Every structure is written in C-alpha cells, then in structure tokens.
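Numbering (our numbering), first residue to last: 352 to 815.
C-beta: ideal position from N, C-alpha, C; glycine also.
Computed from a prediction, not measured in an experiment: that's the story for all the values here.
Let me begin by presenting the structure, written as structure tokens, before commenting on it.
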Amino acid sequence: MQIFNTLTRKKEEFIPQVPGEYRIYVCGPTVYNFIHIGNARPVVVFDVLRRYLEYLGNKVCYVSNITDIDDKLIRTAAEQGVSMQSLAQRYENEYFTDLDGLGAKRATVHPRATEHIAEILDIIRDIVDKGYGYVAKNGDVYFRAKKFKDYGKLSHLVLEDLESGNRTLRSELAEELKEDPADFAVWKAAKQGEPYWDSPYGHGRPGWHIECSAMARKHLGKTIDLHCGGEDLIFPHHENEIAQSECANGCEFAHYWMHNGFLNIDNQKMSKSKNNFFTVRDIASHYGYEALRYFLLTAHYRSPLNYTPDLLDACKAALERLYTCRDNLDFARENAAGTSDALLAKAQEAEQKFRTAMDDDLNTVNALAALFDFVRECNTLAASSSPAALVQAAAMFDTLAGVLGIVQHREKSGVPADVTELVQARTDAKKAKDWARADAIRDELAQKGYAVEDTPQGPKLVKK
RNA sequence: GGUGCUGUAGCCAAGUGGUAAGGCAGAGGUCUGCAAAACCUCUAUGCGCCAGUUCAAAUCUGGCCAGCACCUCCA
C-alpha cells in the first residue's frame, strides 16, 4: 500500500524493514483528563491502519505510550489536591474505557513514561556523551538543536526563519540557562513539591519529547517503520524526537511519518478557552461510540474534519443501513431457498474496490463507498441467493467492516419463547384477516423491544 | 514574517487531464391489509472567482477572494 510520508511529503510504497512485520509507534495521551474527540481521531485512524495491515497478512507491533509525568499533570493534581500518580491512574483507566468503546484494539504495548525512567536516562546519557546535550547550572539538561544538522527535516522549518519571524521565541525563551533559544529540555531539574527521580544530574524528571525516543527504542528498536500522531505534533515534538533518537542511536529514527488532520468545531480548533470542547465520553453518551468512530472515517485522515451534532445523527443512520443489510443476509440464509451464486462475484468486486481504496493512503471514504455498493447488491440479491453464497457474502461483509472496526455490535442473543409465540399468534391473526389483533400484537412486541417486518419469506424480527 | 492546508449538490464527502463515487436528508414509484425494511427513478451542464495551457480541466499554470492551522511542551 501507499502512504503519505510527512518526511518527503509524497505518497510512497509502505515497505517495512522486515517483510511482513510492521513496527509502529503512535503518540498517546497525557492522562490528566478525559480525552476529547480530537484525541479520538488518531486513535481510530491508526487503528484502522493497523487492522488493514493485519488483514493483509502482516504482523504489526503497535506501541502507543501513556504520558503520566508532565507539567499539566503536576498542575492539575495540585489543583485537585490529589497525587499525580492517582490522577494519572484514574484518567488512564478512563482512556482505556474510551479506547475500548471506540473499538480500537489494545496496542501491543502501552508503555508508561514513569516506568521507563532508566531507559530515558540511558538515552540522555548517550546524547550528553556524544556532545549533543549539556547540563545547565540548575540541573536541567538541554539538547543542542543546532548541532543536529538535519534539524527541521520533518517540519521543513528552518531554525533561522523561526527565530527571525517569531517574537516569542526571542523574548520569552532568552533564558540564560540555555546556550541557544532553540535548545529544548530533555531533563528538568525538580522544583519544590514536584515528583522527581534520581539522576546523574540531580533530582529531576524527563522532558516531554525524550520519553517517546526512549520508549520507541526499548520496544521497537533503534529504527522503526512508522511513527504517527496528530499534525500539531510535527513541530516541535516529532522534530525533537528525531533529533534525540538519531543523535543517540546514530541511525534513522523512522522511515515513515503519518499525521492526521484536526477535528474542528465550527471550523475552529477545539480549545478550552473557546469553550468548544467535547469529550469522547460526552459524545458517546449521546450518539454512541460507534457513530463517533464511523464519523472519524467519513473524511480522509489528513483533511480537517468539522464536527456538528447533525453529522453524528447522519452517521447513526448510515450505520443502521449497514446493520440492516447484515441482518438481511442472515435472515435470507435462514428463510430463503434461492440458488443464485451471483453474490460471490459482487463480494469479490467489493473487496477489490475496498483494497484499492485502502491501498491509496488509507482512503477510508472510498472504502466505505465500496462497502455501501456491496450493501445494495446484498439487499437486492439476498432473497435469490444460495445459502453458500449468503454465507460467503456475510463473511466478506464482516471482514471489510472488521477492517474499519464498525458493525461490531450485533445482538447474538436468542429470541425469548414468549416473543416467538407472539409472532406466531400475529401470523395466525393475519391469516384470519384480524388486522386489529395483528396490530395489537405488533404493539406488544414493540414494547418488548422487537419490531416485526413482513417479508415474502415470512415475518422478520428486528431487535431495537 | 516563515511554512502548510482547505473551498465539489440542502448537509457531509471522494475524485489530481477524458467528461462528477458514496452516505444523510428530500421527492415519486414497486412491494404491503396497514406499516417497516428493501429495491427502482429523480435531486451539481457543473466543482470559490477570473484568465491561460490543452482536442479535452473540478483536476495543470498564473492571479484574486474566503476560511483554517503550525512557528518550543495542543491529537
């Protein structure tokens, strides 16, 4: 498949170092609050990428970190009067609840920064030993950005331009601690009341960027295949990761970089100050997790995506069409006696179109179009199809929907005996043309949560 | 100031040179005791605006208009 590589700004064939094995690192959340729907975008998009690679028969080692030591965590914990550890643990749990709800597979490893202090100090030592890092007089350790000649290769920014064009860089960061304004912290000396660890530089804690460099190296090796995250992380976070890792390891950090576009509200970036902030939990309680997941797949992952409540309603309706189709396939297999195998060819066509779409830089929009084309064919041909064709069509449906991680919540529970009896009673009433009684039974079934639809093959129950 | 992105039907959104996918909403029809679901038909002579290149442009070039993002810890 081809993916758009931020490094080269071109679509490239996605080739792993070891054939059939992909090593992927995705920047995860800082666990100081519930995640918002913008955070959900990389979670879902890169989960789909992983599922697709696995569908193609590859092994994927997928690492997504948990940032559980950070300025925001320290500040929020202080405000709430709880320990940073308990705050982080709480919101890590909430994060996994949302992750599961969104249907994102658990990563191969979800490493926590605080459990990798030794690895972080190892990589800092490598950086300092090679002359790329230095200890400031207060015990901070900084990285010499300008010493790394490739600095800016990912964001395509030039340090000199940054400095001349950006006033804040000069005024606010002209601290005497740094040799140069462009330098960034890899280790921060402990301040009063903050969590800290022992280090060769005194008590302190890791900087933000260094944890990803350290955890990627530990769990995926010195050179990884793909590094992913939101587009806002390109600079400075990912640029700094590259600088740290490539200087410490002496080899390329990641061959490919993928970045998802923003999810906006009213065409504006979400932010707490603008009061246009939605958590995943909020949206899920109104529309369900699956509608949110579907929504995130309705635009190409690199495009901005604008959230409005109406769109989630439309997504629920679209999902409903998919569920109905899938039920139709089962119903036809159980009740119809067709002989046609025409659906088999349609299933092949659908898979072909689906793969063409996904191969082209994860075009989930066209992949969905392929699925909906297949839905129409299934609905049209179900009643005349052979049981074998219906089984295979259902399997193809499940495979394609499974790659996208949707239509995963079909009710498998059996129908209670009293409901079956009511359906039979209604059929009898209809035979006797007792429409009033038939409608009364239909109302009764509705109260029990079942809709009954009459088809040429007999009554069909739909659980609501 | 630097670096990028976006503008396609009522709404969302694919489509990077060959004559506008798909979903939602809407209209008509078929089926049905009535419904529901499904299916069929319809809904952009036009893709922000103006020029240009070409046999051919939503797609390439130039200009303009509008909106958005990043530029030191925000996915």
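Residue environment, residue i, which counts as buried when at least 16 other CB atoms sit within 10 Å
i	result
W786	exposed
A701	buried
A823	Nothing can be reported for residue 823, as the shown portion of the chain is limited to 352 through 815.
R677	buried
S345	Residue 345 lies beyond the residue range present for the chain, which begins at 352 and ends at 815; the question has no answer from this structure.
A314	Limits of the chain in this structure are 352 at one end and 815 at the other, which puts residue 314 out of reach.
Q759	exposed
P393	buried
V369	exposed
I388	buried
N611	buried
E562	buried
P807	exposed
S739	Note that residue 739 is Ala in the sequence shown, not Ser. With fewer than 16 Cβ atoms within 10 Å of its Cβ, A739 is classed as exposed.
N517	Caution is warranted here: a pLDDT of 46 is assigned to N517, below 50, making its placement in the model unreliable, and no coordinate value can be reported.
K539	buried
A746	exposed
K529	buried
G371	exposed
Distance between residue j and residue i (C-alpha atoms, nearest Å)
i	j	result
I584	P655	Note that residue 584 corresponds to Leu in the displayed sequence, not to Ile. Roughly 15 Å separates the two Cα atoms.
L472	I375	23 Å
V460	S415	7 Å
A733	M566	50 Å
E443	V395	17 Å
G408	R401	11 Å
N627	D661	16 Å
F385	T630	6 Å
E641	A683	26 Å
G765	Y674	17 Å
E523	H588	Bear in mind that a pLDDT of 43 at E523, under 50, signals an unreliable position, so the model cannot answer this.
G490	N356	37 Å
D531	R495	8 Å
Q775	A789	10 Å
D710	K362	11 Å
S515	I575	Low local confidence applies: a pLDDT of 48 at S515 is under 50, so the model's placement there is unreliable, with the coordinate-based value given in what follows. Going by the C-alpha atoms only, they are around 34 Å apart.
R761	A721	21 Å
L508	I366	27 Å
G454	V399	10 Å
T659	Y485	48 Å
L358	S737	50 Å
E728	A693	9 Å
D549	Y446	29 Å
A744	T715	21 Å
D724	D779	38 Å
D749	Y645	15 Å
K573	K814	52 Å
Closest Cα partner of residue i within the set the options
i	options	result
T649	N717, F365 and F586	N717
K504	D633, V754 and N591	N591
I478	E443, V537 and L680	V537
G689	L670, S735, N390 and W608	S735
H570	L755, Y373 and N686	Y373
F499	I575, C598 and D664	C598
A469	P551, G482, A391 and K456	P551
D451	N657, L643, A744 and D749	L643
D534	N390, S434, V492 and G572	V492
W559	D549, F725 and R463	R463
F586	Y383, Y502 and A605	Y502
H637	M621, Y483, D664 and K620	D664
Cβ shell of residue i (< 6 Å), same chain only, five flanking positions each side left out
i	result
A298	Here the chain covers residues 352 to 815 and nothing more, so residue 298 does not appear.
S564	I474, E592, Q595 and S596
C579	V377, F397 and M609
R653	G612
T519	A caution first: T519 carries a pLDDT of 44, below 50, which makes its placement in the model unreliable, though a value can still be read off. Same-chain partners within the cutoff: there are none.
A752	V758
Close-in-space but distant-in-sequence residues of the same chain around residue i (CB under 7 Å, 5 per side omitted)
i	result
N730	C676 and N679
A458	Y413, V414 and S415
L304	No answer is possible for residue 304: the residues shown for the chain start at 352 and end at 815.
T381	T418, D421, K423 and L424
N657	N615 and N618
E364	Q353
G809	N686
Neighbourhood of residue i by C-beta, 8 Å cutoff - its chain only, sequence neighbours within 5 removed
i	result
G639	K667
K697	F725, E728, C729, L732 and A744
Check: residue i C-beta below 7 Å from any heavy atom of the ligand ATP
i	result
F499	The model on display carries no ligand, and the ligand ATP is accordingly not part of it.
Could you tell me whether the region 633-650 touches the region 693-712, using the rule of 3 or more Cβ pairs below 8 Å?
no
Stretch pair the region 792-806 + the region 766-774: three plus CB contacts closer than 8 Å
yes
At least 3 beta-carbon pairs within less than 8 Å: the region 606-624 vs the region 428-435
no
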